[in-house]
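Residue numbers (the numbering used here), protein chains in the order written: chain A, 1 to 152; chain B, 1 to 553.
Reviewing the structure listed below.
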Amino acid sequence: MLTLNLSGAAPRIERAAPRDEVGLDEAKAAGVAPGAALVLENDADVLDAPLDHVDAVILNFPSFTDGRAYGQARRLRARGFGGDIIARGSVLRDQAIFMSRCGFTVLELGGQNPEGFLEALSLYPAFYQSASDGSSALWASRHARGRDREAA
Amino acid sequence: MYRYDQFDEAIVRARVAEFRGQVDRRLSGELSEDEFKPLRLMNGLYLQLHAYMLRVAVPYGVLSSTQLRKLAHVARTYDKGYAHLTTRQNLQFNWPSLVDAPKILDELADVGMHAIQTSGNCIRNVTSDPQAGATAGEIEDPRPWCEIIRQWSTLHPEFSFLPRKFKIAVTGAASARAAIEIHDVGLRLVRSDGEVGFEALVGGGLGRTPRLGRMIKEFLPKDRLLSYLEAVLRVYNAEGRRDNKYKARIKILVDDLGPERFAEKVEAAWAEMDAASVDLPDEEIARIEDYFAPPAFERLAPSSDVFERAKERDAAFARWARINLSAHKIPGYAIVNVSAKPIGGAPGDVTSDQMEALADIAERYAFDEARVTHEQNVCLPHVKLDDLPAVYEALRAAGLGEANIGQASDIIACPGLDYCTLANARAIPIAQRVAARYGDPQSADDIGDLKIKISGCINACGHHHVGHIGVIGVDKKGEEFYQILLGGTAGGEDGAAALGEITGRALSADETVDAVDRVIRFYKDNREPGEKFLNAYRRLGPEPFKEAIYADA
Numbered sequence: 001m002l003t004l005n006l007s008g009a010a011p012r013i014e015r016a017a018p019r020d021e022v023g024l025d026e027a028k029a030a031g032v033a034p035g036a037a038l039v040l041e042n043d044a045d046v047l048d049a050p051l052d053h054v055d056a057v058i059l060n061f062p063s064f065t066d067g068r069a070y071g072q073a074r075r076l077r078a079r080g081f082g083g084d085i086i087a088r089g090s091v092l093r094d095q096a097i098f099m100s101r102c103g104f105t106v107l108e109l110g111g112q113n114p115e116g117f118l119e120a121l122s123l124y125p126a127f128y129q130s131a132s133d134g135s136s137a138l139w140a141s142r143h144a145r146g147r148d149r150e151a152a
Numbered sequence: 001m002y003r004y005d006q007f008d009e010a011i012v013r014a015r016v017a018e019f020r021g022q023v024d025r026r027l028s029g030e031l032s033e034d035e036f037k038p039l040r041l042m043n044g045l046y047l048q049l050h051a052y053m054l055r056v057a058v059p060y061g062v063l064s065s066t067q068l069r070k071l072a073h074v075a076r077t078y079d080k081g082y083a084h085l086t087t088r089q090n091l092q093f094n095w096p097s098l099v100d101a102p103k104i105l106d107e108l109a110d111v112g113m114h115a116i117q118t119s120g121n122c123i124r125n126v127t128s129d130p131q132a133g134a135t136a137g138e139i140e141d142p143r144p145w146c147e148i149i150r151q152w153s154t155l156h157p158e159f160s161f162l163p164r165k166f167k168i169a170v171t172g173a174a175s176a177r178a179a180i181e182i183h184d185v186g187l188r189l190v191r192s193d194g195e196v197g198f199e200a201l202v203g204g205g206l207g208r209t210p211r212l213g214r215m216i217k218e219f220l221p222k223d224r225l226l227s228y229l230e231a232v233l234r235v236y237n238a239e240g241r242r243d244n245k246y247k248a249r250i251k252i253l254v255d256d257l258g259p260e261r262f263a264e265k266v267e268a269a270w271a272e273m274d275a276a277s278v279d280l281p282d283e284e285i286a287r288i289e290d291y292f293a294p295p296a297f298e299r300l301a302p303s304s305d306v307f308e309r310a311k312e313r314d315a316a317f318a319r320w321a322r323i324n325l326s327a328h329k330i331p332g333y334a335i336v337n338v339s340a341k342p343i344g345g346a347p348g349d350v351t352s353d354q355m356e357a358l359a360d361i362a363e364r365y366a367f368d369e370a371r372v373t374h375e376q377n378v379c380l381p382h383v384k385l386d387d388l389p390a391v392y393e394a395l396r397a398a399g400l401g402e403a404n405i406g407q408a409s410d411i412i413a414c415p416g417l418d419y420c421t422l423a424n425a426r427a428i429p430i431a432q433r434v435a436a437r438y439g440d441p442q443s444a445d446d447i448g449d450l451k452i453k454i455s456g457c458i459n460a461c462g463h464h465h466v467g468h469i470g471v472i473g474v475d476k477k478g479e480e481f482y483q484i485l486l487g488g489t490a491g492g493e494d495g496a497a498a499l500g501e502i503t504g505r506a507l508s509a510d511e512t513v514d515a516v517d518r519v520i521r522f523y524k525d526n527r528e529p530g531e532k533f534l535n536a537y538r539r540l541g542p543e544p545f546k547e548a549i550y551a552d553a
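Quick look at the structure:
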């Protein structure tokens with residue numbers, strides 16, 4: 001599977017090795033083996049998910065107009081989940097920046113050309129709101145800049 | 001008003017570049033129409049009956065003269081020389097071509113404008129009271145909070161693919177000028193124990209399931225607004241229905257859960273999130289508020305000899321002043337409501353020449369600012385009483401001098417079947433024919449305040465449910481028919497907001513215009529001295545009015 005990995009300083013195009021996948025019920029009963037990924041359905045409550053020792057969660061986009069997984073990813077990050085969050089399904093370049101900002105670190109590209117994704121990810125110079133990718137909101141950088149000027 | 005700095009501009013420029021690429025990919029066939037549609041919609045580009053339509057965002061209705069001139073230029077260069085004011089304080093062009101759309105967006109970006117999120121299943125342009133910052137009866141100016149919501153909601157990564165569209169309105173006054181009860185979220189500034197905050201209504205909206213907003217938060221501290229909104233949206237995005245677009249608005253979720261349960265879920269989501277990363281620090285709130293500092297008002301006497309003498313001299317001016325002005329909070333100033341409803345015209349259409357005239361007037365007499373109203377008119381929020389005669393003359397010369405604000409001929413109408421693919425029937429010709437009957441000043445003044453609102457279909461863009469008299473177009477065996485509703489109001493001066501009731505079977509266009517006339521005549525014949533239409537309707541009840549509608553049958 002061709003993927004775009006966003007976990008480093010710059011996006012990497014990778015051919016990811018398949019990993020075992022475990023559904024929520026099974027994970028709750030038997031845990032998640034090292035290296036396996038927890039698959040969360042769109043109606044699953046992320047507070048319900050056992051995340052200890054899990055190093056990847058897969059969230060699905062049944063259609064690119066179905067935005068539930070964005071909120072799930074953000075809630076996982078807010079819970080402190082530090083592993084990979086993998087976007088699967090209807091993953092198009094026009095959604096890539098939103099996925100990245102909501103805390104997804106791996107986008108499954110299927111047969112799509114990764115170049116368009118790289119372009120889409122670098123289009124915007126700033127964003128107004130805080131998100132879940134560690135970037136700061138425009139208002140925060142405006143005031144940090146102001147403080148730097150005052151200090152200088 | 002808010003002015004873009006280099007960062008705001010860079011974001012809008014990036015958006016135009018992104019959209020230009022998306023149009024190129026559509027034209028080359030790389031994107032299917034199904035894939036392209038949500039992308040173009042999020043940039044305000046609709047496909048209508050005859051052409052594309054581009055809806056330009058006018059954040060909370062506020063326009064500078066420079067922006068008005070640019071809009072005039074766009075209408076002249078890329079369209080047919082006019083634009084249309086919408087019920088969400090936006091402005092739309094009805095005839096642009098797809099290839100021109102990125103060029104138009106480039107031109108708009110030159111003046112700090114765009115079409116971001118004027119359509120699509122995302123957070124739409126935030127709307128407000130067009131008299132904000134000028135009206136006397138205001139707890140506080142809502143515009144800084146509108147701008148704060150605008151920025152927060154622009155390209156929000158989590159809320160760009162919601163179950164359905166999402167509309168937020170904010171007001172600082174008790175008036176219905178922002179119609180907050182019919183929005184997905186309606187926010188009103190309130191004072192409690194000396195502190196100012198918001199009360200939050202959720203799940204209002206019209207369309208096929210009309211609902212008034214339900215109170216879920218009686219007092220929300222101002223500086224917690226964004227995190228609270230984020231919690232509302234998070235619950236809606238997760239739990240709103242996606243299986244049926246007619247049941248996908250937040251009002252249906254609030255119906256299903258009940259307002260209390262919905263409010264509990266919002267509180268839980270609010271408690272779970274890292275609110276401190278969402279809510280703005282005081283220094284940023286202050287930065288935004290600075291943009292909305294009052295203009296340099298002069299210290300003036302509360303009355304003006306120039307104004308009074310002009311009224312004595314010119315009866316038409318005196319009448320316009322009586323009908324089209326609202327009280328300003330600063331002595332010696334008035335709020336000018338400019339009618340975009342000339343008798344015989346299409347409600348809310350303004351030509352390039354008129355936009356340029358408004359720009360000139362605003363620049364010379366009104367601190368360079370005009371506002372679009374949700375009733376499809378224009379408001380000049382700050383005009384000196386001394387300048388009113390000159391402003392009136394300039395408006396009249398531009399064909400904008402109609403004295404009918406709030407009267408029977410000041411009709412809200414959607415574009416209807418003249419433009420829209422969704423419509424069952426035309427709305428504009430009905431509005432024109434009804435307005436023509438009450439264009440005569442004497443008859444209009446005799447009827448007094450009367451809100452007539454016309455939609456071409458069940459989607460209710462013409463707000464027919466909250467008209468004192470509402471008209472909705474229906475399809476009857478492929479022909480255009482209309483049903484009449486009575487007793488609706490968006491609230492404010494009318495008391496509590498209320499949804500009008502359908503009176504009965506559908507009528508032809510000719511019958512509709514006559515039936516509306518019989519309703520108005522029945523009111524005139526049966527009112528008590530000084531009693532307004534809605535009060536008479538509430539006192540007499542629906543039955544005699546229904547009889548008047550069908551008296552001809």
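Even for Gly, the Cβ is constructed at its ideal location relative to N, Cα and C.
Report task. Output, in chain order, the set of chain B residues within a Cβ distance shorter than 9 Å of Leu123 of chain A. Result -> Ala14, Arg15, Ala17, Glu18 and Gly21
Query raised in the report: Would DSSP call Pro415 of chain B helix, strand or coil?
Result: coil
Query - Gly146 of chain A - containing alpha helix (DSSP H), residue span - result: That run of the alpha helix (DSSP H) goes Leu138 to Ala151.
Requested in this report: Please report how far the alpha carbon of Ser32 of chain B lies from the alpha carbon of Arg26 of chain B, in whole angstroms.
Outcome: Near 7 Å, if we compare the C-alpha coordinates of Arg26 of chain B and Ser32 of chain B.
Query - Selected residue, minimal CA-CA separation from Glu107 of chain B, among B:Ala301, B:Val56 and B:Gln6 - result: The shortest Cα separation from Glu107 of chain B among B:Ala301, B:Val56 and B:Gln6 belongs to B:Val56.
Query raised in the report: For Glu14 of chain A, which beta-bridge partners are listed by DSSP?
Result: A:Thr3
Query raised in the report: What are the complete alpha helix (DSSP H) segments, minimum 4 residues, inside the region 426-507 of chain B?
Result: The alpha helix (DSSP H) runs of length 4 or more contained entirely in the region 426-507 of chain B are, from start to end of the chain, 428-437 and 441-447.
Query - Check whether Thr135 of chain B and Ala173 of chain B have beta carbons under 8 Å apart - result: yes
**Report entry** CB contact flag (Phe166 of chain B, Asp184 of chain B, <8 Å)
**Finding:** yes
Query - Listed by chain order, chain A residues near Pro529 of chain B by CB distance under 7 Å - result: Going along chain A, no residue has its Cβ under 7 Å from Pro529 of chain B, so there is no contact; the nearest lies around 54 Å.
Query raised in the report: DSSP three-state call for Tyr52 of chain B: helix, strand or coil?
Result: Assigned with DSSP and collapsed to three states, Tyr52 of chain B falls in strand.
Query - Proximal chain A residues relative to Glu35 of chain B, where beta-carbon distance stays under 9 Å - result: Phe64, Leu92 and Asp94
Query raised in the report: Nearest CA to the CA of Gly133 of chain B: which residue from B:Leu68, B:Ser65 and B:Val170?
Result: Of the candidates B:Leu68, B:Ser65 and B:Val170, the one whose C-alpha sits nearest the C-alpha of Gly133 of chain B is B:Val170.
Query raised in the report: Does Ala238 of chain B get closer than 8 Å to chain A when you measure Cβ to Cβ?
Result: Flagged as an interface residue toward chain A: Ala238 of chain B, by a C-beta distance shorter than 8 Å.
Query - Beta-carbon gap between Val32 of chain A and Val39 of chain A smaller than 8 Å - result: no
Query raised in the report: Hey, is Gly71 of chain A's beta-carbon within less than 8 Å of any beta-carbon in chain B?
Result: At a cut-off of 8 Å between beta carbons, Gly71 of chain A contacts chain B.
Requested in this report: Could you tell me the boundaries of the alpha helix (DSSP H) in which Phe64 of chain A lies?
Outcome: That residue, Phe64 of chain A, is in no alpha helix (DSSP H); it is neither H nor E in DSSP.
Query raised in the report: Can you name the residues of chain B whose CB is closer than 8 Å to the CB of Ser130 of chain A?
Result: Ser277 and Val278
Query - Rounded separation between Ile123 of chain B and Tyr236 of chain B - CA only - result: 12 Å
Report task. Tell whether a beta-carbon distance below 8 Å holds between Tyr82 of chain B and Pro96 of chain B. Result -> It is not a contact, given that the beta carbons lie outside the stated cut-off.
Requested in this report: Kindly list, in the order they appear in chain A, the residues whose Cβ is closer than 9 Å to that of Asn43 of chain B.
Outcome: In chain order: nothing, as chain A lies at least about 11 Å away.
Requested in this report: Between the Cα of Met355 of chain B and those of B:Asp8, B:Tyr291 and B:Asn377, spot the shortest distance and give me the residue it belongs to.
Outcome: B:Asn377
Query raised in the report: Is there a Cβ from chain A that is less than 8 Å from the Cβ of Arg211 of chain B?
Result: no
**Report entry** Spatial neighbours of Phe317 of chain B in its chain, beta-carbon cut-off 7 Å, leaving aside the 5 residues before and after
**Finding:** Ala310, Lys311, Pro389 and Tyr392
Requested in this report: State the CB to CB distance for the pair Ile554 of chain B and Thr512 of chain B, rounded to an integer number of angstroms; the pair is presumed to be in contact (CB under 8 Å).
Outcome: Only positions 1 to 553 of chain B appear in this structure, which leaves residue 554 of chain B out of reach.
Report task. Using a threshold of 8 Å, state whether the C-beta atoms of Leu486 of chain B and Cys457 of chain B are closer than that. Result -> no
Report task. Would you check if the region 52-71 of chain B and the region 6-15 of chain B touch, i.e. whether three or more CB-CB distances between them fall below 8 Å? Result -> no
Query - Per-residue DSSP class, three states only, for Ser192 of chain B - result: strand
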